[in-house]
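Per this note's numbering, residue 157 is the first one in the sequence shown, and the count goes up by one each step. The structure appears right after this line, and notes come after that.
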Amino acid sequence: MPKLIGIKKINIAVFISGTGSNLKNLINYSFKKNSKFKIVLVVSNNLRAKGLIYAKQFKIKKKIVHYSNIKNAEKKILETLKKNKIDLICLAGFMKILSKNFIKNFKNKIINIHPSLLPKYKGLNTHQRAIENKEKYSGCTVHFVNSKLDSGKIILQKKVKILKNDTFKTLKIRVLKQEHLIYPKALKKILSNL
Ligand code: GAR
């Protein structure tokens with residue numbers, strides 16, 4: 157991570173594909189008095205991602221990249237990240253897998269939030285699978301991104317009890333609440349020694 161010089165803040169790009177509640181939450185957190193980061197770019201693979209409204213609302217630059225060709229898409233994203241002097245990438249509901257080459261360009265500078273207690277339930281449909289497997293707990297994890305899906309070093313996790321009548325929807329809502337608590341905390345944790 158680059159050192160903070162004086163009051164210079166870390167420039168963050170948040171990648172989204174959908175609702176963007178984590179994006180909104182991180183933006184709000186970035187406005188707090190002692191926040192060490194600034195969200196300067198929102199990247200989306202989806203033109204219709206609801207979360208793009210927050211880029212508009214808070215006057216943050218946005219980059220929408222079509223993923224018909226991964227190589228081209230990532231090339232465009234990397235160019236935009238460089239142009240905007242991005243120090244750190246936060247994946248927040250970004251539903252595309254980044255290539256090894258992309259990750260190499262931002263080694264240890266990409267973090268992700270995942271809706272399960274990793275290493276359990278990597279990939280998709282985490283809540284559904286946790287309920288079907290009669291797990292007592294689900295939860296969420298913030299972790300560094302490496303070249304293996306949902307497998308990088310864990311920064312923070314939060315457990316959420318699965319209730320008897322939970323459906324995937326009710327569980328998702330409760331887990332999302334915890335995501336909004338741990339994502340800023342995880343950022344604070346990795347930026348605190350700067
Ligand atoms: C969140 O639950 C996040 O953990 C999950 O997508 C949701 C996005 O919600 N991410 C993944 O599943 C990544 N594999 P949001 O758009 O409201 O932040």
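Glycine included, every Cβ here is placed at the ideal spot set by N, Cα and C.
What does the alpha-carbon distance come out to for the pair residue i and residue j?
i           : j           : result
residue 179 : residue 303 : 23 Å
residue 235 : residue 171 : 15 Å
residue 312 : residue 342 : 6 Å
residue 176 : residue 277 : 22 Å
residue 256 : residue 246 : 17 Å
residue 266 : residue 194 : 15 Å
residue 336 : residue 225 : 32 Å
residue 192 : residue 212 : 22 Å
residue 328 : residue 190 : 30 Å
residue 291 : residue 318 : 7 Å
residue 196 : residue 286 : 35 Å
residue 322 : residue 334 : 16 Å
residue 332 : residue 264 : 24 Å
residue 300 : residue 288 : 28 Å
residue 202 : residue 346 : 29 Å
residue 275 : residue 306 : 8 Å
residue 205 : residue 173 : 5 Å
residue 165 : residue 242 : 11 Å
residue 262 : residue 280 : 24 Å
residue 370 : residue 228 : Here the chain has residues from 157 to 350 only, and residue 370 is not among them.
residue 326 : residue 282 : 13 Å
residue 181 : residue 239 : 25 Å
residue 330 : residue 200 : 25 Å
Can you tell me whether residue i is buried or exposed, with buried defined as 16 or more other CB within 10 angstroms of its CB?
i           : result
residue 297 : buried
residue 188 : exposed
residue 260 : exposed
residue 271 : buried
residue 207 : buried
residue 253 : exposed
residue 348 : exposed
For a quick check, are the C-beta atoms of residue i and residue j less than 7 Å apart?
i           : j           : result
residue 324 : residue 284 : yes
residue 198 : residue 215 : no
residue 210 : residue 183 : yes
residue 308 : residue 273 : no
residue 168 : residue 237 : no
residue 320 : residue 293 : no
residue 221 : residue 231 : no
residue 269 : residue 339 : yes
Could you check whether the Cβ of residue i sits closer than 7 Å to any Cβ belonging to chain D?
i           : result
residue 230 : Reference to chain D is not applicable here, since this structure consists of a single protein chain.
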